[in-house]
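Worksheet for the structure shown next.
In the working numbering, the protein residues as written are 1 to 259.
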């Protein structure tokens, strides 16, 4: 028995240490409150800032430029979008150094039945803290031009409308308005072109519209629609020779067209 008592396992001995300590009411506390406060561990130091914005090496850029076209050709568009978004999270790479045109061409081709992947790209850019407004605007402009080149004016107009949203970071340049108006006219979307022209007058000013000579394609498109009177009145308004302002003429033409 003595040997058995001496042979208690360390686990049993440790369990006995966990029993509560019994003290009488008159027994003073083992540690004073001041001592207990002083004995508390100090708060951990704040975490050191992480270096989040790394810079892609030339070798990594070369790998990205090889991988994105492969992903596009194999129809792995979500992966291609995520990869480019991750690249734009790094230390502001130049857009010219990334294979964005390859992805944009694949997103806008007629093989894609909808705009799911294009909108995923725009959403990623919108929430990317490192992608500047100028870069977002440049990529959106690529999408607009590519959709128009692939005879998809409705999709181009949707990207343009996304750029005009209140929370959109894209500054709308006159060149974007001009490209959209000309593309819509080229594809027979005269009413939509008139609406964008009105937005251009409102957003850029009368002088910018006249200087861009964008009204010429609208005039030709109206003539193709046999709206000769509307074309003449719009020309006189922009030339300053009519009785109505350009905005008034545009509003009237759009209203009568919808009726």
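Note that CB positions come from ideal geometry on N, CA and C, so glycine has one too.
**Prompt:** At what residues does the alpha helix (DSSP H) containing residue 56 begin and finish?
**Reply:** Per DSSP, residue 56 belongs to no alpha helix (DSSP H) and is neither H nor E.
**Message:** Less than 7 Å between C-beta atoms, sequence neighbours within five positions excluded: which residues of the same chain meet that for residue 178?
**Reply:** 212, 214
**Asked** CB-CB under 8 Å to residue 208, same chain, minus the five flanking residues each way: which ones, in chain order?
**Response** 174, 200
**Prompt:** With respect to the alpha helix (DSSP H) encompassing residue 204, which residues constitute its N-terminal and C-terminal limits?
**Reply:** 190-204
**Message:** Using 8 Å for Cβ pairs, my map puts residue 261 next to residue 143. What's the rounded Cβ distance?
**Reply:** The chain is shown from 1 up to 259; residue 261 falls before or after that span and cannot be answered.
**Request:** With a cut-off of 8 Å on the beta carbons, I'd call residue 176 and residue 141 a contact; round off their distance for me.
**Result:** 6 Å
**Run of the alpha helix (DSSP H) containing residue 108, from where it starts to where it stops** = 100-108
**Request:** Keeping to the same chain, check which residues put their C-beta closer than 7 Å to that of residue 189; ignore five residues upstream and five downstream.
**Result:** 153
**Item:** Rounded C-alpha distance that separates residue 118 from residue 258
**Value:** 30 Å
**Prompt:** Which of the three DSSP states, helix, strand or coil, is assigned to residue 115?
**Reply:** coil
**Item:** Where the alpha helix (DSSP H) through residue 144 begins and ends
**Value:** 133-149
**Prompt:** Span of the alpha helix (DSSP H) holding residue 154?
**Reply:** 153-163
**Prompt:** Got a sec? Which residues, its chain only, sit under 7 Å from residue 195 by beta carbon, not counting five neighbours each side?
**Reply:** 254
**Message:** Tell me the DSSP secondary structure of residue 240 in three-state form.
**Reply:** coil
**Prompt:** Per DSSP, what kind of secondary structure is residue 19 in: helix, strand or coil?
**Reply:** Caution applies to residue 19, whose pLDDT of 43 falls short of 50 and renders its modelled position unreliable; the value that the coordinates give is listed next. Three-state result, residue 19: coil.
**Request:** Would you kindly check if the distance between the Cβ of residue 69 and the Cβ of residue 102 is under 7 Å?
**Result:** yes
**Asked** DSSP three-state call for residue 219: helix, strand or coil?
**Response** helix
**Sub-7 Å separation of residue 180 and residue 160 beta-carbons** = yes
**Asked** Among 171, 248, 130, which residue has its Cα nearest to the Cα of residue 94?
**Response** 130
**Asked** Excluding sequence positions up to five away, which residues of its chain have a Cβ less than 7 Å from the Cβ of residue 158?
**Response** 115
**Request:** Return the Cβ separation of residue 110 and residue 150 in integer angstroms, given the expectation that the two are a contact with Cβ distance under 8 Å.
**Result:** 6 Å
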